[in-house]
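**Q** In the UniProt record's numbering, the protein residues as written are 1 to 252. Handing you a structure now.
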């Protein structure tokens, strides 16, 4: 009887020790494991909700319907996100979760009209811009400038709400990592996630904090992040197999 009791206690001790070591190993291998898992679940839920919203949307234009169906098929195939895209997914906001529209903004009618022409129409009617000359193509970015409190962030949210686009409210701290090279991978993940979620708007407040003037004395990692960001931003004008430009706009 005593032997059975000792054997049972030893087996229990081995079981708990093995679980503890397994948990410790996973924590050491990926200190941000819980954060990454939370981001993965949030991104998956948002993608599914966005796809359902697209499927229930009705359009009278057959071209728009065909293009939407094509994008839905691509999005279904791109549901798998890597660990860096999962981190960026925490900054993602669904358009239906944004309560601000153009009707809530007063005194900026001229700016709103310009945003409709440069952002809203290219995102909602991409087929009109698929065969346009380079000078007539939609811009890949819009600069909102002005003193603090003039409505730049509110305009960006209203654009995402009105266009039905996924809104990536990117914080500079999100793409700042202590490990060498990880910041570049996170910047690359911003644009790869936007492609999977397109139409998408990438909003970066206080852009000068990360993309300021290049200086000879700045750290090598900072220069690499700037180069990575500008290279990927410049590539947004590329088209897919059907000739439709990427439906991604960067608001800064």
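Beta carbons are placed, not taken as given, at the ideal position from N, Cα and C, and that holds for glycine. Note that the coordinates shown come from a computational prediction; the quantities given were computed from them, not determined experimentally.
1. List the whole-angstrom C-beta distance separating residue 108 from residue 155, where the pair is believed to meet the contact cut-off of C-beta under 8 Å.
2. Taking the alpha carbon of residue 82 as the point to measure from, which residue in 188, 148, 172, 111 has its own alpha carbon closest?
3. Helix, strand or coil: which one does DSSP assign to residue 11?
4. In whole angstroms, what is the alpha-carbon distance linking residue 166 and residue 10?
5. Can you tell me whether residue 169 is helix, strand or coil according to DSSP?
6. Within this structure, are the beta carbons of residue 158 and residue 104 separated by less than 9 Å?
7. Taking the alpha helix (DSSP H) that residue 194 falls in, what are its first and last residues?
8. Quick one: what's got a C-beta closer than 6 Å to residue 226's C-beta in the same chain, skipping five residues either side?
9. How far does the alpha helix (DSSP H) with residue 111 in it extend, from its first residue to its last?
10. Using the Cα positions of residue 70 and residue 198, report the straight-line distance between them to the nearest angstrom.
11. To which residues of the same chain is residue 169 closer than 7 Å at the C-beta, ignoring the five residues directly before and after it?
12. From which residue to which residue does the alpha helix (DSSP H) around residue 246 run?
13. Hey, how far is the Cα of residue 89 from the Cα of residue 179?
14. Given a threshold of 16 other Cβ atoms within 10 Å of its Cβ, counted over all protein chains shown, does residue 84 qualify as buried or as exposed?
15. Residue 200 lies in the beta strand (DSSP E); which residues open and close that run?
16. Measure the Cβ-Cβ separation of residue 251 and residue 201 and say whether it is below 9 Å.
17. Do the CB positions of residue 253 and residue 118 come within less than 9 Å of each other?
18. Could you name the residues of the same chain whose beta carbon sits closer than 8 Å to that of residue 144, not counting the 5 residues immediately before and after it, in chain order?
19. Residues in the same chain with beta-carbon distance under 8 Å from residue 163, minus the five sequence neighbours each way, listed in chain order, please.
20. What is the rounded straight-line gap between the Cα of residue 146 and the Cα of residue 206?
21. List the residues that DSSP assigns as beta-bridge partners of residue 141.
22. Name the two residues that bound the continuous alpha helix (DSSP H) containing residue 163.
23. Considering just the uninterrupted stretch of the alpha helix (DSSP H) at residue 96, what are its terminal residues?
**A** Let me spell this out:
1. Sure, about 7 Å apart at Cβ, within 8 Å.
2. Considering only 188, 148, 172, 111, the residue with the shortest C-alpha distance to residue 82 is 188.
3. Looking at residue 11 - three-state DSSP - the assignment turns out to be helix.
4. Straight through space, the alpha carbons of residue 10 and residue 166 are spaced by roughly 54 Å.
5. In the structure shown, residue 169 adopts extended strand secondary structure according to DSSP, grouped into three states.
6. Taking the C-beta atoms as reference points, residue 104 is found nearer than 9 Å to residue 158.
7. Residue 194 -> alpha helix (DSSP H) spans 182–197.
8. Scanning its chain for C-beta atoms nearer than 6 Å, with the 5 sequence neighbours on each side dropped, one finds around residue 226 the residues 211, in chain order.
9. Residue 111 -> alpha helix (DSSP H) spans 109–115.
10. Only weak support is given to the placement of residue 70: the predicted model assigns it a pLDDT of 46, under 50, and the value that follows is read from those uncertain coordinates. C-alpha separation (whole angstroms): 12 Å.
11. Excluding sequence neighbours, residue 169 sits near 91, 93, 203.
12. Per DSSP, residue 246 is not a residue of any alpha helix (DSSP H), being assigned neither H nor E.
13. Straight-line spacing of the CA atoms in residue 89 and residue 179 works out to 20 Å.
14. Looking at its Cβ environment, which holds 16 or more other Cβ atoms inside 10 Å, residue 84 is buried.
15. From DSSP, the beta strand (DSSP E) with residue 200 extends over 200–204.
16. Their beta carbons are under 9 Å apart, which means residue 251 touches residue 201 by this criterion.
17. In the structure as shown, the chain begins at 1 and stops at 252. Residue 253 is therefore absent and cannot be evaluated.
18. The answer, listed in chain order, is 152, 155, 156, 251, 252.
19. So the qualifying residues of the chain are 95, 119, 120, 123, 124, 199, 201.
20. Spanning the two alpha carbons is a distance of roughly 11 Å.
21. Residue pairing of residue 141 in beta bridges, as defined by DSSP: 250.
22. Segment 152–163, the alpha helix (DSSP H) holding residue 163.
23. It is not in any alpha helix (DSSP H) - residue 96 carries neither H nor E in the DSSP assignment.
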